[in-house]
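Heads up: the sequence shown at position 11 corresponds to 11 in UniProt numbering, and the numbers run straight through without jumps. For each residue, glycine too, the CB sits at the ideal point set by N, CA and C. Owing to the predicted nature of the structure, the values given are computational and were not obtained by experimental measurement.
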Amino acid sequence: MDKELLAMLVCPLCNGKLKYDRDAQELRCHYDGLAYPIQEGIPVMLPEEARTMDADEKLPSSSGRSPGHSGGA
Ligand SMILES: [Zn+2]
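Listed below in structure tokens is the structure:
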């Protein structure tokens with residue numbers, strides 16, 4: 001993959017940067033938890049073609065987000 005091309009690619013859903021996984025030939029958006037396949041060197045930037053990543057593939061969202069106390073009666 002061309003590094004300049006990679007730098008141009010963003011997730012079509014969140015417009016976030018994608019992480020290129022060379023082994024899996026995937027472009028991953030950790031925000032959406034989707035992995036876009038690269039077929040014959042061409043990234044397929046279609047959400048319907050993307051693979052949903054497993055929970056352990058995603059980055060742990062340990063940014064101090066607490067569930068909050070919404071315990072109403
Ligand atoms: Zn995304």
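When the Cα atoms are used, what is the spatial distance from residue i to residue j?
i     : j     : result
ILE38 : LEU13 : 17 Å
GLU40 : GLU48 : 18 Å
PRO43 : ALA50 : 10 Å
GLU57 : TYR31 : 12 Å
LEU5  : TYR20 : 11 Å
Short check: CB of residue i to CB of residue j, under 9 Å?
i     : j    : result
CYS11 : LYS3 : no
If you follow the beta strand (DSSP E) that residue i is in, where does it begin and where does it stop?
i     : result
ALA35 : 34 to 39
LYS17 : No beta strand (DSSP E) contains LYS17, which DSSP labels as neither H nor E.
GLU26 : 26 to 29
Pick from the options: whose alpha carbon is nearest that of residue i?
i     : options                      : result
THR52 : PRO43, CYS29, ASP23 and LEU6 : CYS29
LEU46 : ALA55, TYR36 and ASP54       : TYR36
With residue i and residue j assumed to form a contact (beta carbons below 8 Å), what rounded beta-carbon distance in angstroms separates them?
i     : j    : result
LEU27 : LEU9 : 6 Å
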